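Okay, structure first, notes after.
Numbering (our numbering), first residue to last: 3 to 568.
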């Protein structure tokens with residue numbers, strides 16, 4: 003009966019092609035990766051040093067999250083560090099160890115897992131998730147061999163994960179390809195896979211499983227030759243793909259070799275291990291387009307049973323030779339797809355002046371996965387400009403992390419085109435538009451300022467050599483005009499530039515030997531009247547303040563006493 007079911011399933015898969023999954027295989031991909039025992043900050047830095055070296059970027063790291071470690075704050079910090087280091091996480095789910103076995107996951111736990119995983123802002127669009135570990139070992143599955151039970155749990159997990167978010171890229175557990183068919187302790191991978199697919203063909207027919215997690219170890223005894231091929235070698239994945247095809251899975255699953263490597267020992271030192279890894283990369287993995295990532299086991303493990311697999315030396319900051327050998331292998335800059343989402347915020351004025359220069363603030367809120375940075379091709383531009391705005395410059399975008407808002411300066415000059423205008427401020431990554439914000443405004447003619455100004459004690463006198471300065475809310479001088487004249491306390495200033503209607507400015511009036519006066523006002527019409535308090539003749543050294551130096555300057559220039567005459 004089982005053979006009939008399997009035949010029907012295989013026929014079904016042959017006539018209905020499987021969906022092509024998430025990621026774009028044409029994007030540059032750095033296959034180099036490493037497996038970590040814990041999400042230690044220092045280990046992640048060392049991982050980046052290893053996999054993103056020699057021209058590389060966006061390598062992979064396999065991490066394990068246990069059921070009792072679903073700490074959002076902790077894991078979001080891990081993901082954020084990986085984002086900064088340009089590392090792509092591959093997350094293997096795990097339960098908890100019992101005395102001799104790992105617990106069997108429960109369907110009742112799925113909701114908690116989904117809530118936790120979906121609460122995280124992942125590093126890349128594809129959320130790589132592996133469903134547990136080597137269930138063809140009884141110790142990894144509650145002390146028993148139960149492919150049907152594993153299939154059922156995997157189906158429920160993958161189905162509900164995909165229902166929550168289609169970006170989950172789900173893989174079955176990596177299997178021990180060298181395990182014998184010896185129940186109740188072990189089961190041959192081929193037997194186990196056949197039973198999974200026979201019992202739960204929907205895992206593939208419903209497009210739930212997107213990739214192959216492979217433990218391509220060089221067996222027997224982790225001592226195999228890197229040139230060996232087939233099951234139980236560093237190319238185990240090739241046998242696994244062929245076997246899946248024989249079961250009717252015609253879609254070639256992308257391969258993630260999440261465990262592989264040789265232990266170092268007295269017989270095989272770390273230099274030999276490194277050379278074998280080099281051969282495997284250069285003769286097998288790097289040129290095989292089916293392989294998306296290779297994360298050898300394990301960067302740092304300081305105790306048995308995996309001490310000999312550790313690339314980091316015990317009780318030391320140094321690494322074994324294989325670290326530097328792999329580090330020096332040529333790599334490429336990966337470019338994983340990320341969710342690019344941001345919003346542009348501004349309170350740009352609705353009325354500005356022709357032939358003027360401005361500096362305003364524009365904010366960007368990053369709500370996506372990428373770090374917005376000019377070095378990664380992010381920039382602001384103006385669209386639909388039609389020469390309304392000239393010589394504009396935005397300050398560089400500098401490491402805007404997800405969830406953070408940054409403030410940028412916007413410098414520009416206006417043309418002489420009067421009237422209502424509409425332009426768009428857009429955020430780009432290279433040539434791709436990420437966000438936009440419209441700005442509607444009116445270009446107004448240059449306004450006029452009428453001012454009342456008197457000298458003390460010479461009221462209603464004629465004042466020559468008057469200077470008026472405008473300062474914005476940031477105390478930046480935006481406009482000044484000198485050589486103005488006030489006749490009988492009245493003066494005017496035509497052609498004010500660089501301010502906007504409705505904005506508050508500090509206006510300062512200056513004339514030699516008199517202390518400055520200032521007023522704060524909002525210029526909200528084309529012609530404005532302001533009145534300054536009378537000017538006091540107390541700035542004899544012309545530094546804008548009254549102090550002892552002014553008295554000394556008056557003594558040295560007695561002619562200045564004339565300023566006090568009526």
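All C-beta atoms in this analysis are idealised placements derived from N, C-alpha and C, irrespective of residue type, glycine included. Owing to the predicted nature of the structure, the values given are computational and were not obtained by experimental measurement.
Requested in this report: Could you have a look at residue 110 and say whether DSSP puts it in helix, strand or coil?
Outcome: It is helical.
Query raised in the report: From residue 168 to residue 53, what distance separates their C-alpha atoms?
Result: One alpha carbon belongs to residue 168, the other to residue 53, and they sit about 28 Å apart.
Query raised in the report: Should residue 370 and residue 286 be called a contact, given that it needs their Cβ atoms to be closer than 9 Å?
Result: No, Cβ-Cβ distance for residue 370 and residue 286 is not below 9 Å.
Report task. Answer yes if the region 455 to 470 comes into contact with the region 354 to 370, meaning at least three C-beta pairs across the two stretches below 8 Å, and no otherwise. Result -> Contact between the region 354 to 370 and the region 455 to 470 is absent, because fewer than three Cβ pairs lie under 8 Å.
Requested in this report: Assign residue 350 to one of three DSSP states: helix, strand, or coil.
Outcome: Here DSSP, grouped into helix, strand and coil, assigns residue 350 to coil.
Query raised in the report: Comparing alpha-carbon positions, which option in 264, 208, 181 lies nearest residue 224?
Result: Answer by Cα proximity: 264.
**Report entry** CA-to-CA distance, residue 538 to residue 1, given in whole angstroms
**Finding:** Here the chain covers residues 3 to 568 and nothing more, so residue 1 does not appear.
Query raised in the report: At a cut of 8 Å, does the region 357 to 367 reach the region 110 to 126 through at least three beta carbon pairs?
Result: Taking 8 Å as the limit for Cβ pairs, the verdict is that the region 110 to 126 does not touch the region 357 to 367.
Requested in this report: Give me the Cα-Cα distance between residue 451 and residue 545, rounded to the nearest whole angstrom.
Outcome: If you take the alpha carbons of residue 451 and residue 545, they lie about 26 Å apart.
Query raised in the report: Beta-carbon separation of residue 428 and residue 346 under 9 Å?
Result: Yes. Within cutoff.
Requested in this report: Could you tell me if residue 15 is buried or exposed, where buried requires 16 or more neighbouring beta carbons within 10 angstroms of its beta carbon?
Outcome: For residue 15, the predicted structure reports a pLDDT of 42, less than 50, and the residue's modelled location is therefore unreliable. A value from the coordinates is still provided. A residue is called buried once 16 or more other Cβ atoms fall within 10 Å of its Cβ, and residue 15 is buried on that count.
Query - Integer Cβ distance of residue 338 from residue 90, believed to fall under 8 Å - result: Yes, they are in contact, since the Cβ atoms of residue 338 and residue 90 sit about 6 Å apart, within 8 Å.
Query raised in the report: When you compare only the Cα positions, how much space is there between residue 482 and residue 470?
Result: Our two residues, residue 482 and residue 470, have alpha carbons roughly 6 Å apart in a direct line.
Query raised in the report: Could you give the C-beta distance for residue 211 and residue 174, rounded to a whole number, given that I count them as a contact under 8 Å?
Result: Right, the Cβ-Cβ distance comes to about 6 Å (below 8 Å), so this counts as a contact.
Report task. Kindly indicate which three-state DSSP category residue 383 falls into: helix, strand or coil? Result -> Note: residue 383 maps to strand in three-state DSSP.
Query raised in the report: Would DSSP call residue 344 helix, strand or coil?
Result: Correct three-state label for residue 344: strand.
Query - Neighbourhood of residue 43 by C-beta distance below 7 Å, restricted to the same chain and skipping five residues each side - result: Only 83 meet the Cβ criterion.
Requested in this report: Measuring alpha carbon to alpha carbon, tell me which of 407, 565, 502, 335 ends up nearest residue 55.
Outcome: The residue with the shortest Cα to Cα distance from residue 55 is 335.
Query raised in the report: Using CA coordinates, which residue listed in 270, 150, 93, 215 is at the minimum distance from residue 262?
Result: The candidate whose alpha carbon is nearest that of residue 262 is 215.
Query raised in the report: If you scan the region 234 to 265 from start to end, which runs of the alpha helix (DSSP H) of 4 or more residues do you find wholly inside it?
Result: If only uninterrupted alpha helix (DSSP H) runs of at least 4 residues are considered, those enclosed by the region 234 to 265 are 238 to 248.
Query - Pick from 61, 60, 59, 76 that is closest to residue 67, judged by C-alpha positions - result: Ranking the options by Cα distance to residue 67, first place goes to 76.
Query raised in the report: Distance, Cα to Cα, residue 23 vs residue 129?
Result: Only weak support exists for where residue 23 lies, its pLDDT of 48 falling under 50; the value from the coordinates is given anyway. Going by the C-alpha atoms only, they are around 12 Å apart.
Query - Sub-9 Å separation of residue 292 and residue 254 beta-carbons - result: For the pair residue 292 and residue 254, the CB atoms are nearer than the 9 Å cut-off.
Requested in this report: Taking 9 Å as the cut-off, decide whether the C-beta atoms of residue 142 and residue 104 are in contact.
Outcome: A Cβ-Cβ contact shorter than 9 Å links residue 142 with residue 104.
Query raised in the report: In chain order, what residues of the same chain have a beta carbon less than 6 Å from the beta carbon of residue 152, not counting five sequence neighbours either side?
Result: Spatial neighbours of residue 152 in its own chain (CB-CB distance under 6 Å, excluding positions within 5 residues in sequence) are listed in chain order as 137.
Query raised in the report: Since residue 459 is in the alpha helix (DSSP H), which residue starts that stretch and which ends it?
Result: Counting along the chain, residue 459 sits inside no alpha helix (DSSP H), nor does DSSP assign it H or E at all.
Query raised in the report: Which partner residues does residue 524 have in the DSSP bridge list?
Result: In the DSSP secondary-structure assignment, residue 524 is bridged to 506.
Query raised in the report: Under 9 Å between the Cβ atoms of residue 391 and residue 414?
Result: Their beta carbons are under 9 Å apart, which means residue 391 touches residue 414 by this criterion.
Query - Neighbourhood of residue 87 by C-beta, 8 Å cutoff - its chain only, sequence neighbours within 5 removed - result: Closer than 8 Å at Cβ, skipping near neighbours: 46, 47, 49, 50, 54.
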